[in-house]
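Residue numbers (my numbering): 992 to 1536.
Step one of this worksheet: look at the structure below.
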């Protein structure tokens, strides 16, 4: 083993070893890196101080199974060696309940009645609050129960309180995820309602959300999530919610927000969120976004916007412009209205810094919404439009507006339509060509990607024979005088996929369904030498078996 004395005689200074260790940690495989760091710690004592901050930078524990044992061991270590507490930057709290013994429901209900029977006047429905059904859906009482008594009435023997979070005082990131889904199904978007998991969720939020060091909170797979506890985090910058049912944006009567207890201004004036990512979340108060002046990125997937406006938000301080918002992704919103309301002010650019926009249009008529969003941008560089329609008229699409609004800055345009019927007039390509024709000679377009999926091209024994007249126009548009019309174009990619299975055998399918021959005719110039000087790709795939 290399001793500290031998290390002093090494030709390389300790700073070089520090750089090497940081390079090891920067790899993609954390488990492999941890193994290497533990080995390095055995080399000499000097390496221990270099490796420990990386070894303990991320800790994962939980209330159940092997993660519970990890929690107890970690608690002992942090108690004996307080310096290690400062190394913990990322806390991952995982609900792993697979092998947990069943809870004594009757004893728990009886205990709640005993403890809170005389204190239920603050509850609006006192006669019903003690039913087992309500206790299963409402974890409020468990947050008040003494933890030791809760454990004993649940039929468990565990003397360890969930206060490990109180020992971790320098964490910057908190993740609380439901892993095994014993009462939740992430595939169908169902959040967990198990009273034990909700109890531990609320305990962690109470103990950690108000810490000044917390910058990021990620929660996945829970129902009845008390958002007022999450938003009470004084320096929260990154919020990630996945498969959750949100509850209680307003703090209960008699509860004082933690930030106000320490003399900070009201929440409405100091929301510091920079990124918001929400997926499959119900009752998300979209109004919260209108108080985030530092917002840089918004990603929304399959979201149900709640109409509730938290009472602690000062409506007079809502902002109408987002000067730092650069990235926005909106995928399958169940309600476009809140986004439209952001850009209602005439003469005001709501998204002056927006450079990357990725949207999903569930119906072609949603095009008016994206038109409104784009009209409030000025330096858009990357636009991706995903289109899923059911027998809608593509004439309602208006790519001309998308292209002209940011024609001096737009560098990349990606269209990903998913079409349910085939129309041999190619209305989508027609409106696209109309828009591209409007910006010829005055654009910065570098990349154009068109990826079309047709979901049905056969009816009975009849096969739609595509004419692709508009594709011929597309071919001419990019070959006649491309150097002048699209001087910065570098990448042009076309992909068409047919998902419908055949009714006829493949030998009866005309040759134009196979391979590149399908588009080689309409795009003959691009396939010949018209694509010289750019990266051109064209392919067709189908579900014929």
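Glycine included, C-beta positions come from ideal geometry on N, C-alpha and C.
- Contact annotation: residue 1161 and residue 1201 have beta-carbon atoms that are not nearer than 8 angstroms.
- Residue burial annotation: residue 1193 is buried, with at least 16 other C-beta atoms found within 10 angstroms of its C-beta.
- Comparing alpha-carbon positions, the option among 1041, 1078 and 1071 lying closest to residue 1011 turns out to be 1041.
- Excluding the 5 residues flanking it on each side, residue 1238 has same chain C-beta neighbours closer than 8 angstroms at 1214, 1215, 1216, 1217, 1218 and 1274, in chain order.
- Taking a C-beta distance under 8 angstroms as the contact criterion, residue 1395 and residue 1420 do not qualify as a contact pair.
- By the 16-neighbour rule on beta-carbons within 10 angstroms, residue 1433 is exposed.
- Contact between residue 1317 and residue 1347 holds, with the beta-carbon distance rounding to 7 angstroms and staying under 8 angstroms.
- Runs of the alpha helix (DSSP H) spanning 4 or more residues and lying entirely within the stretch 1356 to 1413 occur at 1358 to 1366 and 1390 to 1396, in chain order.
- Counting along the chain, residue 1422 sits inside the alpha helix (DSSP H) bounded by residues 1418 to 1429.
- About 4 angstroms separates the beta carbon of residue 1375 from that of residue 1405, a gap short enough to meet the 8 angstroms contact definition.
- Note on residue 1519: under 16 other CB atoms within 10 angstroms of its CB, so exposed under the neighbour-count rule.
- At the C-beta level, residue 1080 and residue 1198 stay beyond 8 angstroms of one another.
- Between the beta-carbon of residue 1286 and that of residue 1265 there is about 6 angstroms, and that keeps the pair under the 8 angstroms contact cut.
- The criterion of a C-beta distance shorter than 8 angstroms is not satisfied by residue 1489 and residue 1436.
- In this structure, the alpha-carbon of residue 1469 lies about 20 angstroms from that of residue 1407.
- Relative to residue 1439, the option among 1482, 1418 and 1047 whose CA is nearest is 1482.
- Cα atoms of residue 1368 and residue 1067: separation of roughly 54 angstroms, rounded to the nearest angstrom.
- Residue 1482 has 1438 and 1526 as its beta-bridge partners, per DSSP.
- Within a 10 Å sphere around the beta-carbon of residue 1358 sit 16 or more other beta-carbons, which makes this residue buried.
- Taking residue 1263 as the centre and dropping the five residues before and after it, the same chain places the C-beta of 1226, 1227, 1228 and 1285 closer than 7 angstroms to its C-beta, in chain order.
- A direct Cα-to-Cα measurement between residue 1070 and residue 1280 gives close to 40 angstroms.
- Comparing C-alpha distances from residue 1429 to each of 1402, 1442, 1240 and 1393 shows the shortest one belongs to 1393.
- Residue 1056 and residue 1082 have their C-alpha atoms roughly 18 angstroms apart.
- When the Cα atoms are used, residue 1349 and residue 1401 turn out to be separated by approximately 13 angstroms.
- Residue 1291 holds the alpha-carbon nearest to the alpha-carbon of residue 1322 among 1291, 1345, 1305 and 1341.
- Shown here for residue 1353: same chain residues with a beta carbon closer than 7 angstroms to its own, the five before and five after excluded, namely 1323 and 1379 in chain order.
- Within its own chain, the residues whose Cβ lies closer than 7 angstroms to the Cβ of residue 1047, once the five positions on either side in sequence are excluded, are 1075, 1078 and 1079, listed in chain order.
- Under the three-state reduction of DSSP output, residue 1193 falls in the helix class.
- Leaving aside the five residues that flank residue 1061 on each side, the residues in its chain whose CB is nearer than 6 angstroms to its CB run, in chain order, 1052.
- Residue 1161: not part of any alpha helix (DSSP H); DSSP gives it neither H nor E.
- Residue pairing from DSSP leaves residue 1278 without any beta-bridge partner.
- About 5 angstroms separates the Cβ atoms of residue 1463 and residue 1513, confirming a contact at the 8 angstroms cut-off.
- The beta strand (DSSP E) runs lying completely inside the stretch 1045 to 1073 and spanning 3 residues or more are 1049 to 1052, given in chain order.
- Put simply, the backbone Cα of residue 1526 is about 51 angstroms away from that of residue 1058.
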